[in-house]
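Residue numbers (the UniProt record's numbering): 530 to 830.
Structure, as structure tokens:
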Ligand code: ATP
Ligand code: MN
Ligand code: MN
């Protein structure tokens, strides 16, 4: 279902009613972005962010003292984020149960920002049924030295192959080095089947074009190649959510693009936190209206 925040952002320093402390604290020394500016970014982008990150287990990259200091990846929480941030109990491998964070509205989003969150990562399944993924993600990780153009052509190749199997895909710039090729799934198949498909697809690709692709985790196998990180598609794994800011130099943002646009883009960090106005407009544009949406099932492979 679609999640639409009901409360508009305000400019009184309390976006969605959340008090942002230390708004002048610089959280990105490279670009001089402050915590207040980050909160403004998230307030402006709350709608499109919640469309994707709302209602699913999330993990956070928190850097309470800014990106230059200690950052950590947080998966679990028992309640320190306040009333606006929800929880879902999920069974772990060892049979125990852990609480994962869930946000549903702008207040929840901004409560996380107040806690020093820069990045939002999400499971590939909604809280309504965490065992049934609603998306398949191929995370293209280029080796140093490869051009972004190589990543684009690789993404297009994956688009074509998945397209032949009947899967529509959508590209997203990560804000870092690579691109995520995302195939929405109508929840039905469970994690083991989805992971198996992703693994076999990546392995077949690497076997077919070993000079270009690898599906091997070993770093030395990646030299001069693009690592097809299919492991985003296993239970418990996360991927960075659309429109999340990145805790990297210049405060870049993960941005959904069309396939036509991708050809003209020269880097994964094309947009940053300061581009909130443009990004909000883009997110509501006709060209991106159907981004990430398709009613389709996992094919056989
Ligand atoms: P880039 O384009 O630079 O690769 P990315 O977001 O794809 O950006 P990756 O390093 O490929 O970065 O990581 C892929 C995903 O794995 C991340 O989006 C995140 O959800 C997850 N991830 C990254 N770091 C951790 C971590 N320390 N613990 C758990 N999951 C992580
Ligand atoms: Mn990646
Ligand atoms: Mn990766």
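For glycine and all other residues, C-beta sits at the position ideal for the given N, C-alpha and C.
Small disclaimer: the values here were computed from a predicted structure and weren't measured.
Which residues in the same chain have their Cβ closer than 8 Å to the Cβ of residue i, if we skip the five residues on either side of it in sequence?
i, result
"residue 744", "728, 731, 732, 734, 735, 756, 757 and 759"
"residue 549", "542, 543, 564, 565, 568, 639, 642 and 643"
"residue 822", "713"
Excluding sequence positions up to five away, which residues of its chain have a Cβ less than 6 Å from the Cβ of residue i?
i, result
"residue 593", "645"
"residue 626", "618 and 620"
"residue 687", "667 and 710"
Assuming contact is defined by CB atoms lying nearer than 7 Å, are residue i and residue j in contact in what I supplied?
i, j, result
"residue 556", "residue 595", "yes"
"residue 691", "residue 712", "yes"
"residue 754", "residue 742", "yes"
"residue 720", "residue 664", "no"
"residue 704", "residue 591", "no"
"residue 707", "residue 670", "yes"
"residue 558", "residue 597", "yes"
"residue 747", "residue 573", "no"
"residue 715", "residue 826", "yes"
"residue 607", "residue 547", "no"
Using a Cβ-based criterion (distance less than 6 Å to any ligand heavy atom), does residue i qualify as near ligand 1?
i, result
"residue 706", "yes"
"residue 650", "yes"
"residue 489", "Given a span of 530 to 830 for the chain in the structure shown, any question on residue 489 remains unanswerable."
"residue 601", "no"
"residue 773", "no"
"residue 698", "no"
CB-CB under 7 Å to residue i, same chain, minus the five flanking residues each way: which ones, in chain order?
i, result
"residue 801", "560, 779, 780, 781 and 782"
"residue 830", "726, 729 and 730"
"residue 684", "669, 700, 708, 710 and 791"
"residue 656", "584, 585, 586, 617 and 631"
Residue i: which of the options sits nearest, CA to CA?
i, options, result
"residue 682", "642, 813 and 788", "788"
"residue 786", "700, 600 and 677", "700"
"residue 605", "598, 586 and 636", "586"
"residue 599", "689, 747 and 777", "777"
"residue 602", "803, 766, 816 and 828", "766"
"residue 722", "635, 740 and 660", "660"
"residue 724", "658, 662 and 809", "662"
Quick one: does the C-beta of residue i sit closer than 6 Å to a heavy atom of ligand 3?
i, result
"residue 758", "yes"
Less than 6 Å separating the Cβ of residue i from some heavy atom of ligand 5?
i, result
"residue 670", "Ligands present in the displayed structure are limited to ligand 1, ligand 2 and ligand 3, and ligand 5 is not among them."
Does the beta carbon of residue i come closer than 7 Å to any beta carbon on chain B?
i, result
"residue 589", "Here chain B cannot be found, since the structure has a single protein chain."
Can you confirm whether the segment 576-589 touches the segment 770-783 when touching is taken to mean that 3 or more C-beta pairs between the two stretches lie within less than 8 Å? yes
Within the chosen definition, does the segment 642-657 reach the segment 620-627 through at least 3 CB pairs nearer than 8 Å? no
With contact counted as at least three CB pairs below 8 Å, one residue from each stretch, are the segment 790-799 and the segment 663-683 in contact? yes
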